[in-house]
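Visitor: Each protein sequence line maps, in turn, to chains A and B.
Take the first sequence: its letters are residues 1059 to 1194, numbered as in my numbering.
Take the second sequence: its letters are residues 14 to 371, numbered as in my numbering.
Cβ coordinates follow ideal geometry from the N, Cα and C atoms, glycine included.
Quantities reported herein were computed from a predicted structural model and do not represent experimental measurements.
One structure follows; several queries about it will come next.
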Amino acid sequence: MSEVASPPSTAAPDWTRLVADSIKQYGVWHTYLKLIEARTSYPNDLSLRGYTEIVRNTIVRDFLSHPKGLQAVPKLTADFLTNFDRFNLTAQEGYLISLIDGRLDLQKMLVLSPFDQFTTLFNLAKLQHERAITVP
Amino acid sequence: MDAHNFVIAERLTTPIAIVNEHGGIEWSNPAFEGMFGIDAKDWLQQAARVVGGERGWLQDFFMDGVEEHRAVDVEIEGRTFRVEHILNIGGESSRAVALWFEDVTQQRQMEQAKSDFTAQIVHDLRGPLSGIQGTLEFVLSQEGSKLDSMYSDLLQEAQRESERMMGLVNELLDFSKIEAGNLVIEKEPVRVAGVLKRAVRSLQQVASRDEVFLLSAHGRDVPQVIGSVEKMTQAIINLVSNSLKFTPKKGLISVGAQIVRNDDVPESIVITVTDSGMGIKADELEQIWKKYKQSGTKSLRGGSGTGLGLYIVKQIVEAHGGEISVASIEGIGTSMVIKLPVKKASDTGVITASRTLS
């Protein structure tokens, strides 16, 4: 759940075009981080929140597009196991990493996770993007 | 008022008056005097008062930030007038407004008759439709029934269509209530997390059938707002149902809530319903809130709606003191964003969504 302060807002840019172009050129993760930055400048822009949610939704949809769907079993990568310190994990990500044992599938992780389903999958997608986990 | 405008106003057949904030008439045209005579000063003074915490309608035009061309329906001597605020006049010591009085008695009577007729028709349709739905549900729920798969598929299709028809009928009923100014919103503490959970649960089966992921994206610690549990649930169900129509197989719909804080105090809740559907064209985004307007995008699940769903959602959100916005990218998805104020639990009672102050 995000919390945002309220500095003064300015005229909103054409988010539809900016976000669509950014996704095409730089991909969803880069676009997501840029939108989070933009929210500091436009805290009262409701549609900006909507565009951020569209990008987050796309990230989770892509993560779920694995052929095995929720039956896919995430595993820790060799990189994570050998360079643990390189990964700057949040508390939520750390908890989810602790559940990964090479047998538990996404469906069971959703049941065991104390976070909502979307947040759980979004964090797992982020871990996959950062190559801390792999979903073979 | 300059000389040209004064001459025009004098000759107009529509009643116009310049009224101060105490209800005193500073000027009126002959049409106003002919229509209302000297009695006008009595009801105008009454309209300027605050009685038992209730502001008279004239007070609405003297509130800070009220723009010109605001209008309110007012009952005067048994007739209905649409009173429009056309001009701010006066300085710091004495404020006045120029008001335009249009007799809309007949128009409102016709609208009321149309609204009553729609409500009656809708009410009459719901009865037999409930019967059809119940019968289909009973037949389909019989375990070990000997229906062959063709008949079973046809009955399921009939069930889906009857659900859709019930949705359309309910939309018409809500619309007729809004149009008649009868959409009553109870002011009770509402657990937003519970509302979202209920909405997701009620459509989970439909989403599974359509092979669409429907996920919650909120924790339990969402603050309460003041309003109607029933109407808010209806608004969220409406948005999720809409998303289901436009999200392809293997797509994702998420229903989330975020808290917006000001100095660490929860100020409002932002609810989002986001899908990975086909999106809405940029030039259609502003049109979707209008009644009978539908996006040019064709539903993936067949059938068309009344074009009232999003209009009704907007009315419900605004009756809760909130605002609604849409974000969409063609081919990627759409997000409906609702912002609701977090209010004190002591702020309870009843709100009536009315179209009088436009």
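Using 9 Å as the threshold, is the C-beta distance between Thr-347(B) and Phe-259(B) below it?
Guide: One-based indexing of the second sequence puts residue 347(B) at position 334. One-based indexing of the second sequence puts residue 259(B) at position 246. Yes.
Visitor: So with Cβ pairs under 9 Å, would you call Trp-1087(A) a contact of chain B?
Guide: Here residue 1087(A) corresponds to residue number 29 of the first sequence, with the count starting at 1. Not an interface residue.
Visitor: Spell out the partners DSSP gives Ser-341(B) in its beta bridges.
Guide: The sequence position of residue 341(B) within the second sequence is 328, counting from 1. Thr-347(B), per the DSSP bridge assignment.
Visitor: Have a look at Lys-210(B), Arg-173(B) and Glu-88(B) and flag the residue whose alpha-carbon is nearest the alpha-carbon of Ala-53(B).
Guide: Locating residue 53(B) in the second sequence gives position 40, where the first residue counts as 1. Out of Lys-210(B), Arg-173(B) and Glu-88(B), Glu-88(B) has the C-alpha closest to the C-alpha of Ala-53(B).
Visitor: Compare the C-alpha of Gly-36(B) against each of Gln-72(B), Val-64(B), Asp-166(B) and Phe-45(B) and name the closest.
Guide: Here residue 36(B) is taken as the residue at index 23 of the second sequence, counted from 1. Ranking Gln-72(B), Val-64(B), Asp-166(B) and Phe-45(B) by Cα distance to Gly-36(B) puts Gln-72(B) first.
Visitor: Between the beta-carbon of Ile-293(B) and the beta-carbon of Ala-1078(A), is there less than 9 Å?
Guide: By 1-based counting over the second sequence, the position of residue 293(B) is 280. By 1-based counting over the first sequence, the position of residue 1078(A) is 20. For Ile-293(B) and Ala-1078(A), no; Cβs fall outside 9 Å.
Visitor: Taking CB distances under 9 Å as the criterion, tell me whether Met-291(B) reaches chain A.
Guide: Reading the second sequence from its first residue, position 278 is the one you call residue 291(B). So no, Met-291(B) is outside the interface.
Visitor: Interface residues of chain A around Val-242(B) at Cβ under 8 Å?
Guide: Counted from its first residue, the second sequence places residue 242(B) at position 229. Under the 8 Å cutoff, chain A gives no residues; its nearest Cβ is about 20 Å from Val-242(B).
Visitor: Rounding to the nearest angstrom, what Cα-Cα distance links Val-1062(A) and Arg-1161(A) in this structure?
Guide: If you number the first sequence from 1, residue 1062(A) lands on position 4. If you number the first sequence from 1, residue 1161(A) lands on position 103. Note that Val-1062(A) scores a pLDDT of 43, beneath 50, so its modelled location is shaky; the value from the coordinates is reported in the next line. Those two C-alpha atoms are separated by around 38 Å.
Visitor: Quick check on the DSSP output: the alpha helix (DSSP H) that includes Gly-322(B) runs from which residue to which?
Guide: Residue numbering aside, residue 322(B) sits at position 309 when the second sequence is read from its first letter. Per DSSP, Gly-322(B) belongs to the alpha helix (DSSP H) from 322-332.
Visitor: On the DSSP bridge list, what partners appear for Pro-354(B)?
Guide: Along the second sequence, one-based indexing puts residue 354(B) at 341. According to DSSP, which records beta bridges pairwise, Pro-354(B) is partnered with Ser-281(B).
Visitor: Do Asp-1174(A) and Ala-1129(A) have their beta-carbon atoms positioned less than 9 Å apart in this structure?
Guide: Position 71 of the first sequence, counted from the first residue, corresponds to residue 1129(A). Position 116 of the first sequence, counted from the first residue, corresponds to residue 1174(A). At residue 1129(A) the sequence reads Gln, which differs from the Ala that was named. No; because the gap between Cβ atoms is not below 9 Å, this pair is not in contact.
Visitor: Where are the beta strand (DSSP E) runs, 3 residues long or more, that stay fully inside the region 24-107 of chain B, in chain order?
Guide: As far as the region 24-107 of chain B is concerned, its whole beta strand (DSSP E) runs of at least 3 residues are 29-33, 38-41, 84-89 and 92-103.
Visitor: The alpha helix (DSSP H) with Gln-300(B) in it runs from where to where?
Guide: In the second sequence, counting from the first residue as 1, residue 300(B) sits at position 287. Note, Gln-300(B): premise wrong, no alpha helix (DSSP H); not H, not E.
Visitor: Return the residue from the list Thr-1089(A), Leu-1179(A) and Pro-1172(A) that minimises the CA-CA distance to Ser-1080(A).
Guide: Reading the first sequence from its first residue, position 22 is the one you call residue 1080(A). Looking at the Cα atoms, Thr-1089(A) is the closest of the given residues.
Visitor: Just tell me which of Asn-33(B), Arg-24(B) and Leu-257(B) has its CA closest to the CA of Glu-46(B).
Guide: Along the second sequence, read from residue 1 onward, the residue named residue 46(B) stands at position 33. When each option's Cα is compared against that of Glu-46(B), the closest is Arg-24(B).
Visitor: Which residues does DSSP pair with Val-110(B) in a beta bridge?
Guide: Your numbering for residue 110(B) matches position 97 in the second sequence. Bridge partners of Val-110(B): Val-32(B) and Asn-101(B).
Visitor: Taking 9 Å as the CB-CB limit, is Ile-130(B) close to chain A?
Guide: Residue numbering aside, residue 130(B) sits at position 117 when the second sequence is read from its first letter. Here residue 130(B) is Phe; the residue named in the question, Ile, does not match the sequence. False, the Cβ-Cβ gap to chain A never drops below 9 Å.
Visitor: Does Phe-1173(A) come out as helix, strand or coil in the three-state DSSP assignment?
Guide: Translated into positions along the first sequence, residue 1173(A) becomes position 115. DSSP places Phe-1173(A) in coil when its eight states are reduced to three.
Visitor: Compare the C-alpha of Ala-1136(A) against each of Pro-1194(A), Thr-1074(A) and Ala-1190(A) and name the closest.
Guide: Counted from its first residue, the first sequence places residue 1136(A) at position 78. When only C-alpha atoms are compared, the closest one is Ala-1190(A).
Visitor: Label Asn-396(B) either buried or exposed according to how many other C-beta atoms from any shown protein chain fall within 10 Å of its C-beta, with 16 as the threshold for buried.
Guide: Since the first residue of chain B shown is 14 and the last is 371, residue 396(B) is not available in this structure.
Visitor: On the CB-based measure, 16 or more other CB atoms within 10 Å of its CB, does Pro-328(B) come out buried or exposed?
Guide: As a first step, residue 328(B) must be located in the second sequence, where it is residue number 315. Note on residue identity: the sequence assigns Gln, not Pro, to residue 328(B). With 16 or more other Cβ atoms within 10 Å, it is buried.
Visitor: Contact check, Val-219(B) vs Ile-249(B) under 8 Å by CB: the rounded distance?
Guide: By one-based count along the second sequence, residue 219(B) stands at place 206. By one-based count along the second sequence, residue 249(B) stands at place 236. Not really, about 14 Å apart at Cβ, beyond 8 Å.
Visitor: Spell out whether any CB of chain B is found under 9 Å from the CB atom of Gln-1175(A).
Guide: Translated into the one-based positions of the first sequence, residue 1175(A) becomes position 117. By this cut-off, Gln-1175(A) is an interface position.
Visitor: Looking at the ligand FAD, does it come within less than 8 Å of Ser-221(B), judged from the CB to the closest heavy atom?
Guide: Absence of the ligand FAD is noted for the structure shown, with no ligands found whatsoever.
Visitor: Does the beta-carbon of Gly-65(B) have 16 or more other beta-carbons within 10 angstroms, so that it is buried, or is it exposed?
Guide: If you number the second sequence from 1, residue 65(B) lands on position 52. Under this definition Gly-65(B) is an exposed residue.
Visitor: What does a CB cutoff of less than 8 Å around Leu-427(B) pick up in its chain, not counting 5 residues either side in sequence?
Guide: This structure cannot settle anything about residue 427(B), because the visible part of chain B is limited to 14 through 371.
Visitor: Going by DSSP in three states, Arg-1161(A) sits in which element: helix, strand or coil?
Guide: Walking along the first sequence from the start, residue 1161(A) turns up at place 103. Coil, per DSSP.
Visitor: Report the residue from Gly-1127(A), Asp-1120(A) and Gly-1152(A) whose alpha carbon sits nearest the alpha carbon of Leu-1134(A).
Guide: Residue 1134(A) sits at position 76 when you count from the first residue of the first sequence. Considering only alpha carbons, the answer is Gly-1152(A).
Visitor: Could you pull the start and end residues of the alpha helix (DSSP H) that Phe-151(B) belongs to?
Guide: Position 138 of the second sequence, counted from the first residue, corresponds to residue 151(B). Here the alpha helix (DSSP H) through Phe-151(B) covers 118-154.
Visitor: Here's the rule I'm using: 16 or more other beta-carbon atoms within 10 Å means buried, otherwise exposed. How should Pro-1065(A) be labelled?
Guide: For the purposes of this step, residue 1065(A) is taken as the residue at position 7 of the first sequence. In this prediction, Pro-1065(A) scores a pLDDT of 46, lower than 50, which makes its location untrustworthy; the coordinate-derived value is nonetheless stated afterwards. The residue in question, Pro-1065(A), is exposed, as its Cβ has fewer than 16 Cβ neighbours within 10 Å.
Visitor: Glu-336(B) touches chain A at which residues, Cβ-Cβ below 9 Å?
Guide: For the purposes of this step, residue 336(B) is taken as residue 323 along the second sequence, with counting starting at 1. Simply Leu-1104.
Visitor: Is the Cβ-Cβ distance between Ile-351(B) and Val-253(B) less than 9 Å?
Guide: Counting from one through the second sequence, the residue named residue 351(B) turns up at place 338. Counting from one through the second sequence, the residue named residue 253(B) turns up at place 240. Not closer than 9 Å, so no.
Visitor: Taking the C-alpha atoms as reference points, what is the distance between Arg-274(B) and Ile-337(B)?
Guide: Within the second sequence, numbered from 1, the residue matching residue 274(B) stands at position 261. Within the second sequence, numbered from 1, the residue matching residue 337(B) stands at position 324. Their Cα atoms are separated by approximately 18 Å.
Visitor: Please name the residues in the region 132-161 of chain B whose beta-carbon is closer than 8 Å to at least one beta-carbon of chain A, in chain order.
Guide: Flagged: no residues at all.
Visitor: Would you say Ala-295(B) faces chain A, with C-beta separation under 9 Å as the test?
Guide: In the second sequence, the residue the question calls residue 295(B) occupies position 282. Yes - at least one Cβ of chain A is within 9 Å of the one on Ala-295(B).
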